[in-house]
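For what it's worth, numbering that gives the first Met the number 0 labels the leading residue of the sequence shown as 0, then goes sequentially.
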Amino acid sequence: MICDNLSVKNGHLFFAGRDTAELAGQYGTPLYLMDEDRLRHNCRVYREAMGGAFAAALPLYASKALACRRVYEILAEEGLGADVVSAGELYLARSAAFPMDKVFFHGNSKTDEEIAFAMDCGVGYFIIDNLDELAAVEQLAARKGIVQKALLRLTPGIDPHTFDAVSTGQVDSKFGVPIETGQALDFVRRCLEMPHIRLRGIHAHVGSQVFTSQVFYDTADIMLSFMAQLRGKLGYTAEILNLGGGYGVRYTEDDPVVDIGGEIGRVAAHIKDGCSRLGLPEPMVLMEPGRSIVADAGLTLYTVQSTKTIPGYKNYVSVDGGMTDNPRYALYQAAYTIEPAGRMDEARDFVCTVGGRCCESGDMIQENVALPRLRRGDLLAVLTTGAYNYSMASNYNTVGRPPIVMLSGGRDYVAVRRETFADLAARDLP
Ligand SMILES: *Cc1c(COP(=O)(O)O)cnc(C)c1O
């Protein structure tokens, strides 16, 4: 099994020590399950590794991976900070009493309304993406009579060799200001002139699903030498270095296991070396894991509705969910592992495409999956769905979104309830 919170007993798939077939019976399908204990474990791996390795550090959870009140409460209890990318995420975090001083507000297209709302919430830091936003933050901070703490988002000019759809660190990106072109230096200079902004440091996020720390070494090298340049040219010392997100998770057996604690130790040693070589004081280091906090804490259960064989072509299995609860295959052919949750001991000689219920040919969960010969009513489990599933879910075809049921120490509880017909009609004219 790809994660140690999965096991098999009496032909059934167990997740977080619980029989998935029993949970499907209790809550219905489609169903998102979240292993709270695994989520907390993932938080602690980052907090302990970063706390032990860096002079000062804080892991920030990238909310976009999965935002709901209960997750914010758990993160707050585990001592993490959070990234938000919209006023909506910020609102949700605040409504869960998440400490606002540990919230970092990201995004390449923040509106004046969002900027003002974030300031009214007392958000800790803005991660300012571009010159237009810099001017807007200054103006609104001045109007409110506050001094807003900020980091600046820079692009170090690195291609992380992952999917194009999830890489953001190259010079040609809609995010941030490039170092290579000289624009980043000007960005910092302009920010330092703003009386209502207190610049605390710099940020870069190179990409997601990163399996080797080489990407972080390269990012750190470029950012540290830029910090040295800031000292030399502007007499400014950045106190915070934010390295962005991205350690990878195992969607399939082909994905490597990342020893996140060990990797963070090596990144810290690399940064320490770089600082002493450049004569820089060691900055406080931030990282922004999203996927690697929640992905393997999640699993989705579906019920098979039909199977068919097209002779000479292929086999199809259709389930009661799809791109509405997991659009990642439709978006970029993301790989997933699928298990026949109630028939784990049977031979898997039926190679099929697992399709969703939506009226869209691209609505697939996965292709070329080996499963037993399934029947209507059988259960399927899609593994590692804790990240970018619920948060990317939609109501396409006017399908309600599944609930999130949390599992912890043998207990189960609803963190987000299933969407009802009334929810689906709630915003329409009466
Ligand atoms: C998406 C994103 C992250 C999180 O990436 P993961 O792959 O989920 O760890 C962190 N920082 C920024 C700026 C992002 O855009």
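Every residue, glycine too, gets a C-beta built ideally from N, C-alpha and C.
Practice task
For residue 129, count neighbouring Cβ atoms within 10 angstroms of its own Cβ and tell me buried if that reaches 16, exposed if not.
Solution key: Reading the sequence shown from its first residue, position 130 is the one you call residue 129. Residue 129 comes out buried.
Problem - Closest residue to residue 386 among 284, 333, 214 and 201 (Cα-Cα distance) - result: Sequence index remark: in the sequence shown, residue 386 carries index 387 (1-based). The residue with the shortest Cα to Cα distance from residue 386 is 333.
Handout entry: Whole-angstrom distance between residue 115 and residue 212, CA atom to CA atom
Key = Indexing the sequence shown from 1 puts residue 212 at position 213. Indexing the sequence shown from 1 puts residue 115 at position 116. If you take the alpha carbons of residue 212 and residue 115, they lie about 37 Å apart.
Problem - Cutoff 9 Å: residue 289 Cβ touching any chain B Cβ - result: The structure shown contains no chain B, having only a single protein chain.
Problem - Beta-carbon proximity of residue 198 to residue 219, cut-off 9 Å - result: As a position in the sequence shown, residue 198 is number 199, starting the count at 1. As a position in the sequence shown, residue 219 is number 220, starting the count at 1. Taking 9 Å as the Cβ cut-off, residue 198 and residue 219 do not qualify as a contacting pair.
Practice task
Measure the CB-CB distance between residue 41 and residue 291 and report whether it falls below 9 Å.
Solution key: Position 42 of the sequence shown, counting from 1, holds the residue named residue 41. Position 292 of the sequence shown, counting from 1, holds the residue named residue 291. Yes, Cβ-Cβ distance for residue 41 and residue 291 is below 9 Å.
Handout entry: Alpha-carbon to alpha-carbon, residue 346 and residue 308
Key = Here residue 308 is taken as the residue at index 309 of the sequence shown, counted from 1. Here residue 346 is taken as the residue at index 347 of the sequence shown, counted from 1. The straight-line gap from Cα to Cα measures roughly 18 Å.
Problem - Cut-off 6 Å between Cβ atoms - residues of its own chain near residue 164, not counting five sequence neighbours on either side - result: Counting from 1 along the sequence shown, the entry for residue 164 is found at position 165. Because residue 164 sits at a pLDDT of 48, beneath the cut-off of 50, its placement in the model cannot be relied upon, and the following sentence gives the value as read from the coordinates. So the list reads 331, once near-sequence residues are dropped.
Handout entry: Residue range of the beta strand (DSSP E) that includes residue 210
Key = On the sequence shown, position 211 is the one that residue 210 refers to. Taken as a continuous stretch (DSSP letters only), residue 210 belongs to no beta strand (DSSP E), as it is neither H nor E.
Problem - the region 397-405 contacting the region 416-425, beta-carbon criterion three pairs below 8 Å - result: The region 397-405 vs the region 416-425: in contact.
Exercise for the section: Find out if the Cβ-Cβ distance for the pair residue 157, residue 122 is shorter than 9 Å. Expected result: Residue numbering aside, residue 157 sits at position 158 when the sequence shown is read from its first letter. Residue numbering aside, residue 122 sits at position 123 when the sequence shown is read from its first letter. No, they are not a contact pair.
Problem - the region 267-282 / the region 313-320 touching (three or more Cβ pairs under 8 Å) - result: Output reads no: the region 313-320 does not touch the region 267-282.
Handout entry: Whole-angstrom distance between residue 328 and residue 208, CA atom to CA atom
Key = Taking the sequence shown and counting its residues from 1, the one referred to as residue 208 is at position 209. Taking the sequence shown and counting its residues from 1, the one referred to as residue 328 is at position 329. Cα-Cα distance, rounded: 15 Å.
Exercise for the section: With hydrogens ignored, establish whether the beta-carbon of residue 288 is closer than 8 Å to any heavy atom of ligand 1. Expected result: Taking the sequence shown and counting its residues from 1, the one referred to as residue 288 is at position 289. Checking every heavy atom of ligand 1 against the Cβ of residue 288, one is found closer than 8 Å.
Problem - Alpha-carbon spacing of residue 178 relative to residue 360, whole angstroms - result: Here residue 178 refers to the residue found at position 179 of the sequence shown. Here residue 360 refers to the residue found at position 361 of the sequence shown. Roughly 42 Å between the two C-alpha positions.
Practice task
May I have the straight-line CA-CA distance separating residue 406 from residue 200, to the nearest angstrom?
Solution key: Taking the first residue of the sequence shown as 1, we reach residue 406 at position 407. Taking the first residue of the sequence shown as 1, we reach residue 200 at position 201. Put simply, the backbone Cα of residue 406 is about 38 Å away from that of residue 200.
Practice task
Give a single yes or no on whether residue 105 has its beta carbon closer than 8 Å to a heavy atom of ligand 1.
Solution key: The residue given as residue 105 occupies position 106 in the sequence shown. Yes.
Exercise for the section: Leaving out five residues on either side along the sequence, give the residues of the same chain with a beta carbon under 7 Å from the beta carbon of residue 66. Expected result: Along the sequence shown, read from residue 1 onward, the residue named residue 66 stands at position 67. Its chain contains 88, 91 and 390 as the residues whose beta carbon lies nearer than 7 Å to that of residue 66, once the 5 sequence neighbours on both sides are disregarded; these appear in chain order.
Exercise for the section: Identify every run of the beta strand (DSSP E) within the region 123-207, keeping only runs that are complete inside it and at least 3 residues long; order them along the chain. Expected result: 124-127, 147-154 and 196-202
Exercise for the section: Any chance you could list the beta strand (DSSP E) runs of at least 3 consecutive residues sitting entirely within the region 11-42, in chain order? Expected result: DSSP runs (the beta strand (DSSP E)) wholly in the region 11-42: 11-14 and 30-34.
Handout entry: Residue range of the beta strand (DSSP E) that includes residue 80
Key = Mapped onto the sequence shown, residue 80 falls at position 81. Start and end: 80-83.
Exercise for the section: Compute every distance between the C-beta of residue 208 and the non-hydrogen atoms of ligand 1, then say whether any falls below 8 Å. Expected result: In the sequence shown, counting from the first residue as 1, residue 208 sits at position 209. Because some heavy atom of ligand 1 lies under 8 Å away, the Cβ of residue 208 counts as near it: yes.
Problem - Given residue 246 as reference, the closest of 44, 72, 183 and 352 once Cα atoms are compared - result: For this step, residue 246 is matched to residue 247 along the sequence shown. Selected option, being the one with the closest Cα: 44.
Handout entry: Cβ-Cβ separation, residue 300 to residue 32 (assumed contact under 8 Å), whole Å
Key = The residue labelled residue 32 in the question sits at position 33 within the sequence shown. The residue labelled residue 300 in the question sits at position 301 within the sequence shown. Residue 32 to residue 300, Cβ: 7 Å. Contact.
Handout entry: When 382, 73 and 225 are compared against residue 36, the one with the closest alpha-carbon
Key = On the sequence shown, residue 36 is found 37 positions in, with the first residue counted as 1. Ranking 382, 73 and 225 by Cα distance to residue 36 puts 73 first.
Exercise for the section: Verify whether the separation of the beta carbon atoms of residue 136 and residue 202 is less than 9 Å. Expected result: Within the sequence shown, residue 136 is the residue found at index 137, counting from 1. Within the sequence shown, residue 202 is the residue found at index 203, counting from 1. No.
Practice task
Identify which residue in 193, 192 and 151 has its Cα closest to the Cα of residue 176.
Solution key: Along the sequence shown, one-based indexing puts residue 176 at 177. Minimum Cα distance to residue 176 is reached at 151.
Handout entry: C-alpha distance - residue 252 paired with residue 336, whole-angstrom precision
Key = Here residue 252 refers to the residue found at position 253 of the sequence shown. Here residue 336 refers to the residue found at position 337 of the sequence shown. Answer to the nearest angstrom: the Cα atoms are 8 Å apart.
Practice task
Round the Cβ separation of residue 105 and residue 83 to the nearest angstrom and send it over; I've been treating them as touching at under 8 Å.
Solution key: Your numbering for residue 105 matches position 106 in the sequence shown. Your numbering for residue 83 matches position 84 in the sequence shown. At roughly 7 Å, the Cβ-Cβ gap stays under 8 Å, so residue 105 and residue 83 are in contact.
Exercise for the section: Return the chain-ordered list of same chain residues with a C-beta closer than 8 Å to the C-beta of residue 112, the five sequence neighbours on each side being excluded. Expected result: Taking the first residue of the sequence shown as position 1, residue 112 is located at position 113. Within the same chain, residue 112 has close Cβ partners 86.
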